[in-house]
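Working notes for the structure below.
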Amino acid sequence: MSEAQHPLRIQELVVRYGGGESVISGVSIALDSKEIVGLIGASGAGKSTLLRAVQRLVEPESGQIFLNGVELTGLPPRELRGARRRLGMIFQEHALIGRLSVMENVLAGTLGRTGFWRSVRRRFDPEDVQEAFGLLERVGLTGFEDSRCDELSGGEKQRVGIARALIQHPDVLLVDEPTASLDPATSVRIMSLITEICLERGLAALINLHDVPLARR
Numbered sequence: 016m017s018e019a020q021h022p023l024r025i026q027e028l029v030v031r032y033g034g035g036e037s038v039i040s041g042v043s044i045a046l047d048s049k050e051i052v053g054l055i056g057a058s059g060a061g062k063s064t065l066l067r068a069v070q071r072l073v074e075p076e077s078g079q080i081f082l083n084g085v086e087l088t089g090l091p092p093r094e095l096r097g098a099r100r101r102l103g104m105i106f107q108e109h110a111l112i113g114r115l116s117v118m119e120n121v122l123a124g125t126l127g128r129t130g131f132w133r134s135v136r137r138r139f140d141p142e143d144v145q146e147a148f149g150l151l152e153r154v155g156l157t158g159f160e161d162s163r164c165d166e167l168s169g170g171e172k173q174r175v176g177i178a179r180a181l182i183q184h185p186d187v188l189l190v191d192e193p194t195a196s197l198d199p200a201t202s203v204r205i206m207s208l209i210t211e212i213c214l215e216r217g218l219a220a221l222i223n224l225h226d227v228p229l230a231r232r
């Protein structure tokens with residue numbers, strides 16, 4: 016399969032910190048639509064670094080990263096910002112703004128197409144607002160739209176993060192330890208939700224996990 020047919024393809028990626036020993040050494044991964052790949056390893060093994068390198072938040076020393084056939088490793092900043100909109104990120108620590116409502120946090124995912132000042136002034140497109148309502152229903156948060164995010168449980172916060180990532184209209188989800196702070200039952204529900212959504216929407220996903228039994232599910 017060619018690069019253009021893979022939503023995400025990583026080829027011989029090498030990342031070093033400070034010019035020293037490799038954190039990532041020669042990693043190659045090709046993801047198809049609806050394919051979910053788990054990254055398993057001990058803390059410090061470079062799993063989170065790989066997700067950051069895909070977004071070019073960490074610059075690789077060598078190798079190539081293709082998103083829908085476009086080589087991210089060679090893009091100038093403006094084009095890179097546009098390409099990143101097709102990468103939805105779900106964070107271990109949620110990365111929500113606690114004083115804002117659930118709805119406002121989800122709509123923050125539209126920043127790439129709404130623009131900074133319109134987002135700051137909360138001038139969101141009606142279509143995006145309607146989509147946000149639908150996404151909150153899908154992740155099981157109907158009725159939470161006006162709740163402050165700092166009043167939510169860990170599982171509820173992670174569901175907000177999933178909805179925020181989806182409203183970007185990504186082709187690939189990058190998921191960093193989504194269950195690290197959750198109890199076992201909630202962890203299973205969150206992973207099942209991510210898996211179901213990837214299959215429904217035809218998304219590829221690269222998921223950083225430390226829980227081997229959960230990854231095998």
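If you're matching positions, the sequence shown starts at 16 in the numbering used here and goes up one per residue. Glycine included, each C-beta is placed from N, C-alpha and C at the ideal position.
Whole-Å CB distance - V29 paired with V117, under 8 angstroms assumed: Not confirmed; about 40 angstroms, so no contact.
For the alpha helix (DSSP H) containing N120, name the first residue and the last one. Membership of N120 in the alpha helix (DSSP H) is indicated by the continuous run V117 to L122.
Looking at C-alpha atoms only, which residue of E36, S48 and G41 is the closest neighbour of E215? Among E36, S48 and G41, the Cα nearest to that of E215 belongs to S48.
Cβ neighbours of R96 in the same chain (closer than 8 angstroms, five flanking residues each side left out): Excluding residues within five positions, the ones whose Cβ falls inside 8 angstroms are G127.
Could you have a look at R153 and say whether DSSP puts it in helix, strand or coil? R153 carries a helical assignment under DSSP once its states are collapsed to helix, strand and coil.
Residue burial classification, A178 (beta-carbon count within 10 angstroms, cutoff 16): It is buried - the Cβ of A178 has at least 16 other Cβ atoms within 10 Å.
R99 vs Q70 beta-carbon contact at 8 angstroms: Cβ atoms of R99 and Q70: closer than 8 angstroms.
Burial state of D186, where buried means 16 or more other Cβ atoms lie within 10 Å: Its Cβ being crowded by 16 or more others within 10 Å, D186 is buried.
Which residue or residues does DSSP assign as beta-bridge partners of N223? Paired residue(s): L54 and D191.
Quick one: what does DSSP say R216 is sitting in, helix, strand or coil? Looking at R216 - three-state DSSP - the assignment turns out to be helix.
Do the CB positions of L189 and L66 come within less than 8 angstroms of each other? Result yes, Cβ atoms of L189 and L66 sit closer than 8 angstroms.
Please list the terminal residues of the continuous beta strand (DSSP E) segment that includes L102. L102 to I105 is the extent of the beta strand (DSSP E) around L102.
C-alpha gap between K172 and L111, whole angstroms: Straight-line Cα distance between these residues: approximately 8 angstroms.
Just to confirm my understanding: we take T201, look at its own chain, exclude 5 residues before and 5 after, and list those with CB closer than 6 angstroms. What are they? Taking T201 as the centre and dropping the five residues before and after it, the same chain places the C-beta of G170 closer than 6 angstroms to its C-beta, in chain order.
Suppose contacts are defined by Cβ-Cβ distances below 8 angstroms. Is I55 in contact with L224 by that definition? In this structure, L224 lies closer than 8 angstroms to I55 by Cβ.
Are the Cβ atoms of D191 and I105 separated by less than 8 angstroms? Yes, the Cβ-Cβ distance between D191 and I105 is below 8 angstroms.
Are there 16 or more other CB atoms within 10 angstroms of the CB of L218, so buried, or fewer, so exposed? So L218 counts as buried.
Have a look at the DSSP bridge pairing and note the partners of V29. Partner(s): S40 and S77.
Residue closest to I25, alpha-carbon to alpha-carbon, out of E108, S168, P75 and G59: Looking at E108, S168, P75 and G59, the one whose alpha-carbon comes closest to that of I25 is P75.
For A45: DSSP bridge partner residues: A45 pairs with R24.
S63 classed as buried or exposed, judged by whether at least 16 other C-beta atoms fall within 10 angstroms: Buried, since its Cβ has 16 or more Cβ neighbours within 10 Å.
Is DSSP giving R96 helix, strand or coil here? In the three-state reduction of the DSSP assignment, R96 falls in the helix class, which pools H, G and I.
Through-space distance from S162 to R114, alpha-carbon basis: Straight-line Cα distance between these residues: approximately 9 angstroms.
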